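Residue numbers (mature numbering (1 follows the signal peptide of the UniProt record, and there is no 0)): -17 to -1, 1 to 106.
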């Protein structure tokens, strides 16, 4: 009798683990060093692209598919400093599944606790 009562509870909890039940990963932060765009998603996965070769395209290696566009505002002018200084740029990431856009600017401002970027829907 006791196992009969546990069956609905187990079925209910297993429904939470079904594919598609978890929310889509969103970009947590980005970096743009040496023309390499790197994006870290909220699920911990990393993906990136060579922004010098292609300033827009599809990120490679993401757990969720994203398109990207890098708009350079001001490059790094000091020769050799590209390895540790980010250029001034606006990076737009668009989630392919629902069209939600996430906009980041580099270099990142020195905020202690930045507000999460939940993105906007295209209109």
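For every residue, glycine included, the Cβ atom is placed at its ideal position computed from N, Cα and C. Note that the structure is a prediction, hence the values are computed from the model and not measured.
Between which residues of its own chain and residue i is the CB-CB distance below 8 Å, once the five residues before and five after are set aside?
i	result
residue 59	65, 68, 69 and 70
residue 39	50, 51, 52 and 53
residue 55	38, 70, 71 and 72
Just curious, the beta strand (DSSP E) that residue i is in, first and last residue?
i	result
residue 39	39 to 41
residue 19	19 to 24
residue 30	29 to 33
residue 14	10 to 16
residue 91	Counting along the chain, residue 91 falls outside any beta strand (DSSP E), and DSSP gives it neither H nor E.
residue 81	Neither: residue 81 is in no beta strand (DSSP E) and is coded neither H nor E.
residue 53	49 to 57
From the DSSP secondary-structure annotation, give me the bridge partner or partners of residue i.
i	result
residue 86	75
Give me, in chain order, the residues of the same chain whose beta-carbon lies closer than 6 Å to that of residue i; leave out the 5 immediate sequence neighbours on both sides.
i	result
residue 41	50
residue 76	10, 49, 51 and 85
residue 14	21
residue 26	8 and 46
Less than 8 Å between CB atoms is the rule here; does residue i satisfy it with respect to chain D?
i	result
residue 37	Within the model displayed, chain D is absent; a lone protein chain is all it includes.
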